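Report on the following structure.
Protein chains: 2
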Amino acid sequence: MRIGELAERTGTSRRLLRYYEEQGLIIASRGPNGYRDYDEPTVDRVIQVRGLLDAGLPTRIIKQILPCLDKPRTIYFPDATPEMIATLEAERDRMTRRAECLLRNRDAIGEYLAAVREYDPAVR
Amino acid sequence: MRIGELAERTGTSRRLLRYYEEQGLIIASRGPNGYRDYDEPTVDRVIQVRGLLDAGLPTRIIKQILPCLDKPRTIYFPDATPEMIATLEAERDRMTRRAECLLRNRDAIGEYLAAVREYDPAVR
DNA sequence: TCGAACCCTCACATTGATGTGAAGGTCTAC
DNA sequence: GTAGACCTTCACATCAATGTGAGGGTTCGA
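Sequences listed follow chains A and B, in order.
If you count the first sequence from 1, position 93 lands on 93 in the working numbering, and the numbers rise without skipping.
If you count the second sequence from 1, position 109 lands on 109 in the working numbering, and the numbers rise without skipping.
As structure tokens, then:
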């Protein structure tokens with residue numbers, strides 16, 4: 001598919017799709033006219049990239065962890081250098097802390113909302 | 001305490017502490033000489049702000065949700081407008097999705113690491 | 001009283017994720 | 001063949017979170 005369709009299906013601007021490609025997060029083959037040509041799995045990949053970006057990860061990190069996240073579990077060991085492993089472990093731990101922080105504060109918001117509703121049931 | 005001590009205790013640059021104040025995330029009283037003067041709870045607040053920022057929330061949102069997160073559960077209802085409630089609900093849901101995305105991908109990284117270790121136990 | 005180590009404000013620089021638009025090539029339908 | 005809707009690259013703009021430094025005041029200990 002071309003960039004317009006991918007943009008529409010992922011809710012992402014064309015500009016950003018080109019940016020993600022520039023950052024090595026997605027790849028596109030090119031037609032004889034120079035147009036980008038995306039395959040079907042790219043849709044999911046873009047959605048995943050968006051999710052990770054929204055979760056606060058920079059493209060630099062996303063690029064590093066993406067190879068581990070491919071669906072058909074095709075683990076690529078050749079490039080599993082010790083540095084890579086260490087990076088992944090560190091990032092995994094950071095993600096855990098991030099998620100905990102989010103959930104903790106989310107729960108606090110939930111408690112607040114519950115208290116407000118009890119105080120004034122008209123709110124909702 | 002003054003800004004230097006707060007910076008050291010929270011691992012945050014003075015510049016950023018002033019920025020957070022400018023954004024309304026923390027408050028400081030002023031000494032007669034104009035120096036900022038922080039109280040003890042500000043330490044925790046700064047750490048919490050850092051956590052939320054790291055989790056990907058913008059200062060704009062953090063500022064909105066902070067009042068709900070105060071420790072002594074002092075719920076302030078006066079400003080609980082319907083818009084505010086809606087914002088909080090939306091943000092709470094976004095935080096849930098963010099956390100889910102993080103945990104999902106974190107687990108994928110974990111699986112990858114486990115697979116790598118099985119393949120080559122020398123890696124740790 | 002002097003220097004070191006603080007503090008202040010102001011302002012410009014940078015980085016990453018984006019938006020926007022210009023200048024131009026391609027494809028399709030009429 | 002021409003218009004409209006695509007696509008290309010390039011470049012400049014913006015926004016939030018930061019860094020950095022200038023120019024200047026305050027505090028404190030030797």
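We treat Cβ as the ideally placed atom computed from N, Cα and C, and that holds for glycine.
As the structure is a computational prediction, the values presented were derived from the model and not from experiment.
- Our two residues, B/A114 and B/L66, have alpha carbons roughly 38 Å apart in a direct line.
- Less than 8 Å divides the Cβ of A/L103 from the Cβ of B/A99.
- The beta carbon of A/K63 is closer than 7 Å to those of Q23, G24 and L25 in its chain, skipping five residues each way along the sequence.
- Taking CB atoms only, A/D54 has a neighbour in chain B less than 8 Å away.
- Annotation: Cβ neighbours of A/G51 in chain B (cutoff 7 Å, chain order): C101.
- Under the three-pair Cβ rule at 8 Å, the segment 41-52 of chain A counts as touching the segment 4-18 of chain A.
- At least one C-beta of chain A is nearer than 8 Å to the C-beta of B/Y112.
- When DSSP states are grouped into helix, strand and coil, B/R97 belongs to the helix group.
- Neighbourhood of A/R98 in chain B, by CB distance below 7 Å: D54, A55 and L102, in chain order.
- Neighbours of B/I65 in chain A, taken as residues whose beta carbon is under 9 Å from its own, are N105, A108, I109 and Y112 in chain order.
- With respect to chain A, the C-beta atom of B/L25 has no partner C-beta closer than 8 Å.
- Chain B has no Cβ within less than 8 Å of the Cβ of A/R60.
- In the three-state DSSP reduction, A/R45 falls in the helix class (H, G or I).
- Where A/L69 is concerned, there is no enclosing alpha helix (DSSP H), because DSSP gives it neither an H nor an E.
- Within the same chain, and ignoring the five residues on either side of A/Y38 in sequence, the residues whose Cβ sits closer than 6 Å to its Cβ are M1, L6 and A28.
- For B/R92, the neighbours in chain A by C-beta distance under 7 Å run, in chain order, R106, I109 and G110.
- Residue pairing by DSSP puts B/S29 in a beta bridge opposite B/D37.
- DSSP places B/R14 in the uninterrupted alpha helix (DSSP H) bounded by R14 to E22.
- Judged by DSSP in its simplified three-state form, A/D120 adopts coil rather than helix or strand.
- Not flagged as an interface residue toward chain A: B/I47, since no C-beta distance is shorter than 8 Å.
- Proximity of A/E89 to chain B, defined by a Cβ-Cβ separation below 8 Å, is satisfied.
- Contact annotation: A/I85 and B/E91 have beta-carbon atoms that are not nearer than 8 Å.
- Taking C-beta atoms as the reference points, B/R106 and A/T96 count as a pair closer than 8 Å.
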